[in-house]
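Contents: one structure, followed by commentary.
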Amino acid sequence: MRMQGLTRLLTAWHFVSTFASLPSSPSSPFDWPNVLGQAWLFDQGSTYGFRSEPGGIRGPAPDWAMAGRIPIVQYGIHADSRPLVAVSYPGSIMLDGNLTHGGLPLRVQVSLIFQSSSMVVVRISVQNHGSAPALVRFRVSFSDINMTAWTGNSVIFTLPEAEFPCFRGAAFSRGNFTFSTTYLDDGVQQDLTWNQANSTELAVESSEVSIQAFGNASAFVSVVFPYNSTRTGTDARKLDSMIDNSVGRWKAYLASVLVPQVHNQGMGWVAVKSVMTLMNNWRSVPGLPDGVLPSYNGYESGFWSWDTYKQAVGMVSFAPQIAKDQLRLIVSARNRRNGHIPDKVDRCGNAGGCNGKPPLLAWAVWQIYQATHDVPFLQEMYGIAKQFHEFWYSARDVKGVGLCSWTQGMESGMDDGVRFLPEYASSAYNASSRVTTLNFWSIDLNAYLYKDKLMLLAMSDALGMLKEAQEWKDAAGRLLPKLRQTFFVPGGRAGFFSDVYFNGTALPIQGCEGYAALFAGVASLSQARQMAEILRDPSKFLLNFSLPSVSKQNQFFNPRGYWKGPTWVDQTWFAYAGLKRYAVEARARGDEESEAGSLQLSFPHPIMANP
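Quick note on numbering: the working numbering labels position 229 of the sequence shown as 229, and the sequence is numbered without any gaps.
Following this line, the structure appears as structure tokens:
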């Protein structure tokens, strides 16, 4: 797990998964200017981003070399005027400005959107607010561009090459700006030609067009990367409709999260940024399904399974296809012999990283199915999730007792957590099975595997596999009492779920690994009540509206210590989601005290109100 970038990503995942199912309120992307600040804008799975600059737009910038020589482009008309004001919006960048040209007041607006992972469309619109026709020339000027050719109505340029082998070669380091050979005159398509403005600067200008009084004219530029002339668009009507379609697509994204409850709590900005963060990290993979990076800033090398499961759950409400595809990408790199799913899949689809990551695939698949009712997807994933579940017992049950252990901190996702320090952890080896793990059973891993059984039960039942469903039900029923008895340290000593050494002694650590017992439904109502009492104690856990990764009373607690203290949003969400469910159970049983204790902790802040 990584801290930078991932905290923002997990906040986004939590937010959209929290409010996804509530009724929406319509909102235009243009209601939300500069939500990402100066961050690069990516969309449609593109590996190339754009960013607003004073008076212009920088890009396309490959996410592996954003500090390299990247074009800066100024779009507008041939006129002496102040630079246009650049503003970014969800899914687009706009330049806007008013000027006087030929004695007439004009407004120039430039819109940039992603048509696909390899094509951007720019519209240059001029509105004539004067009472007489205006004669203008559309103009596009370049700086910091490594131009290799000017051919017809296209500027061809090169970009820094990628380190990823599947993105190497001339095709991935070239692009072209192509200028539309038609423009729209109040919606009527007219012919247009372009020429280099002069020999002293790199700029192109269109032939002169006349804009009627109070009329509007729009010209278009398509930016294609990697270079492929067959994808270049020059038809003004088609390019204009692409922009309208992109705006409509983003309206739909935002409508999924801008629900009345969000507006009432003043959380609209957080909702929009959550969606933009997730969509900004969407990337295409040559020849494979798309994935979502944990962050394009420093972690652009690949896709982590641990993050992917949670991203998929967060995105299914507004981008269900991306939710499904990122799971498909991760499982495409699995070991088909034993079912193991890798820690990471690189940008070319190859498995890598450490020994693996926690088993949350079945949970993610079931959440997607509940949102989409996509039976073929469930059929596609069931066998994969089942084999992945079985992998853990064949390769991580070092004692052969039906309880599993991590091989290292990295495999748990909590890399340097306190429980993995040498003071507590060592290796254990089983010569007969040739399995090496840490010398204790972990509550989070075994709670996830219990949750896995419940999800596989639900999946097999939905698919009409009644015999397998009964087998999963029986397996879960056998495991649950073992987990409650093995991992819960009673209230007289702790009242918390902790990891346990093979000799039965609990590790003297209360950490976020215990939250998994709440999330997975492992804890009994009484055990959940005891945990809630500890978690809502500000001397031990409770912060303003979150929980730390280890008790503040632990000798190794460090509020800036990665997994030794700071809040991780996913772990806090696991705790709150579990406690909310226990509050509902307590209410059904008439246990008002347990209900109040769980609700008090699961409602510390409005953003956590509906896990």
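All C-beta atoms, glycine included, are put in the ideal place defined by N, C-alpha and C.
These numbers were taken from a predicted model, which means no experiment stands behind them.
Discussion item. Does Tyr183 come out as helix, strand or coil in the three-state DSSP assignment?
Written reply: strand
Practice prompt. Would you tell me roughly how many angstroms separate the C-alpha atoms of Gly409 and Asn544, rounded to the nearest one?
Written response: 28 Å
Worksheet item: Between which two residues does the beta strand (DSSP E) containing Ala219 stretch?
Response: Asn216 to Val224
Fill in: Gln321 (DSSP reduced to helix, strand or coil)
helix
Discussion item. For a test of the three-state rule: what should DSSP assign to Gly76, helix, strand or coil?
Written reply: strand
Worksheet item: From this set, Phe225, Ser549 and Pro294, which residue's C-alpha is nearest Ala170's C-alpha?
Response: Phe225
Worksheet item: What number of angstroms, rounded off, separates the C-alpha of Lys451 from the C-alpha of Leu327?
Response: 18 Å
Worksheet entry | Cβ neighbours of Glu411 in the same chain (closer than 7 Å, five flanking residues each side left out) | Cys354, Asn355, Gly356 and Lys357
Worksheet item: Between the segment 234 to 241 and the segment 214 to 225, are three or more C-beta pairs nearer than 8 Å?
Response: yes
Item to complete: Could you tell me the boundaries of the alpha helix (DSSP H) in which Arg587 lies?
Response: Val569 to Arg589
Worksheet entry | Whole-number beta carbon distance between Val365 and Met381, since they are thought to touch under 8 Å | 4 Å
Practice prompt. Using only alpha-carbon positions, find the residue among Ala323, Asp474, Gly298 and Met267 that is nearest to Val292.
Written response: Ala323
Item to complete: Please confirm whether Ile124 and Leu112 have their CB atoms less than 7 Å apart.
Response: no
Worksheet item: From Leu9 to Tyr89, what does the alpha carbon distance come to, in whole angstroms?
Response: Low per-residue confidence applies at Leu9: pLDDT is 47, beneath 50, and the placement is therefore not dependable, though the value from the model is reported in the following sentence. Their Cα atoms are separated by approximately 19 Å.
Worksheet item: With burial defined as no fewer than 16 other Cβ atoms inside 10 Å of the residue's Cβ, what is the status of Tyr429: buried or exposed?
Response: exposed
Item to complete: Identify the continuous alpha helix (DSSP H) that holds Trp250 and give its terminal residues.
Response: Ala236 to Ala255
Discussion item. If you reduce the DSSP assignment to three classes, tell me which class Ser526 lands in.
Written reply: helix
Discussion item. Going residue by residue through the segment 272 to 343, where are the continuous alpha helix (DSSP H) segments of at least 4 residues, counting only ones entirely within it?
Written reply: 305 to 315 and 320 to 332
Worksheet item: Taking DSSP as the reference, what is the three-state secondary structure of Asn128?
Response: strand
Worksheet item: Looking at the unbroken alpha helix (DSSP H) that takes in Val550, where does it start and where does it end?
Response: It is not in any alpha helix (DSSP H) - Val550 carries neither H nor E in the DSSP assignment.
Worksheet item: Nearest to Asp570 by CA position, among Lys251, Gly413 and Leu457, is which residue?
Response: Gly413
Discussion item. Could you give the first and the last residue of the continuous alpha helix (DSSP H) run that contains Thr486?
Written reply: Leu466 to Phe487
Discussion item. Closer than 8 Å is the cut-off here; do at least three beta carbon pairs connect the segment 433 to 453 with the segment 493 to 510?
Written reply: yes
Worksheet item: So, helix, strand or coil for Ile509, using DSSP?
Response: coil
Item to complete: Have a look at Gly55, Ser256 and Gly59 and flag the residue whose alpha-carbon is nearest the alpha-carbon of Asn98.
Response: Gly55
Discussion item. Using 7 Å as the threshold, is the C-beta distance between Leu360 and Ala385 below it?
Written reply: no
Worksheet entry | Continuous beta strand (DSSP E) stretch holding Trp366: start and end | Segment Leu361 to Thr372 is the alpha helix (DSSP H) holding Trp366; no beta strand (DSSP E) there.
Worksheet entry | Cβ-Cβ distance between Ala132 and Ala213 below 7 Å | yes
Worksheet entry | Residues bridged to Asn430 [DSSP beta-bridge criterion] | Val435
Worksheet item: Using DSSP with H/G/I as helix, E/B as strand and the rest coil, what is Gly268?
Response: helix
Fill in: Unbroken alpha helix (DSSP H) run spanning Leu454, endpoints
Ile443 to Ala462
Discussion item. Excluding the 5 residues flanking Ala684 on each side, which residues of the same chain have their C-beta closer than 6 Å to its C-beta?
Written reply: The structure shown does not extend to residue 684, since the chain is modelled only from 1 through 611, so no value can be given for it.
Worksheet item: According to DSSP, what are the bridge partners of Gln615?
Response: Missing from the structure shown is residue 615; the chain here goes from 1 to 611 and no further.
Worksheet item: If you draw a straight line from the C-alpha of Ser256 to the C-alpha of Arg51, how long is it?
Response: 26 Å
Fill in: Residue burial classification, Ser229 (beta-carbon count within 10 angstroms, cutoff 16)
For Ser229, the predicted model reports a pLDDT of 48, less than 50, meaning its position is unreliable; a value from the coordinates is still stated below. Label assigned to Ser229: exposed.
Worksheet entry | Alpha-carbon spacing of Gly578 relative to Asp144, whole angstroms | 53 Å
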